[in-house]
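Under full-length UniProt numbering, residues 1 to 171 are what the sequence shown spells out, in order.
Built from N, CA and C at the ideal position, the CB exists for glycine as well.
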Amino acid sequence: RRYLCNVDIASWLSLLSKGKAVYIAETLSYFRLHPDQQLNESNKMMDGLEDFSHSIIAGKKYGFLSNEKELDKAITNFLDYARRIVPSSILYTLDYYQKIRRKKINIEKKKQHINNNSPLPKVSILIPAYNRPYYLELALNSALNQTYENIEIIISDDSTNNEVNAMIQPY
1 RRYLCNVDIA SWLSLLSKGK AVYIAETLSY FRLHPDQQLN ESNKMMDGLE
51 DFSHSIIAGK KYGFLSNEKE LDKAITNFLD YARRIVPSSI LYTLDYYQKI
101 RRKKINIEKK KQHINNNSPL PKVSILIPAY NRPYYLELAL NSALNQTYEN
151 IEIIISDDST NNEVNAMIQP Y
């Protein structure tokens, strides 16, 4: 894959995959981003986000994120960063964002160990969508991360738009 604006990171991934990694504790350089710099343009930020997602996927293949905890942390950082820089109307339509989100959902499912044969009574959780995919995702993740194991989640939606539909798809 040809990296868009994070070519230096791509070089490191390639080099590190061929040898041993060395950790350098001290900061080697500092730089500031000025408002007029090219790196602050929205298209460059989107290119950087796509590169970030690819480095997570490639990093796992290269063996850098082989530990589930490291992979989870990298994915969480990616998702948080993506939500900060991309409007939700665009975010849920990005294929690479959805791919990383599916990985996060699979990690969360492994953590939960949902027991369908639980002796506990089933609790239904109803979540209204109202065309707000960001808040729907927060509510859905909150419900999935409960400690009570015998749940069903029902999402009611009076007028699904493409954003809500794209957000729910991986679940």
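Between the beta-carbon of M167 and that of Y92 there is about 5 Å, and that keeps the pair under the 8 Å contact cut. Counting along the chain, no alpha helix (DSSP H) covers S124; the unbroken beta strand (DSSP E) around it starts and ends at 123-128. Taking all protein chains in view, the Cβ of S42 is surrounded by fewer than 16 other Cβ atoms within 10 Å, so the residue is classified as exposed. With a minimum length of 4 residues, the unbroken runs of alpha helix (DSSP H) contained wholly in the UniProt domain "Glycosyltransferase 2-like" (124-171) fall at 133-144, 162-168. Distance from the CA of I151 to the CA of K122, rounded to the nearest whole angstrom, comes to 5 Å. If you look at S89, you'll find it in the alpha helix (DSSP H) that goes 88-91. Taking C-beta atoms under 8 Å as the contact rule, I105 and I127 fail to qualify, at a distance of about 16 Å. Per DSSP, S66 lies in no alpha helix (DSSP H) segment and is marked neither H nor E. Between I75 and K109, the C-beta spacing is not below 8 Å. The three-state reading of DSSP puts S53 in helix, counting H, G and I together. Sorting V86, P119, F78 by C-alpha distance to the C-alpha of R101 places F78 at the top. When the beta-carbon positions are compared, E50 and Y96 come within less than 8 Å of each other. Only exposed fits L120, as fewer than 16 other CB atoms lie within 10 angstroms of its CB.
The beta carbon of V164 is closer than 7 Å to those of A129, N131, P133, L136, D157 in its chain, skipping five residues each way along the sequence.
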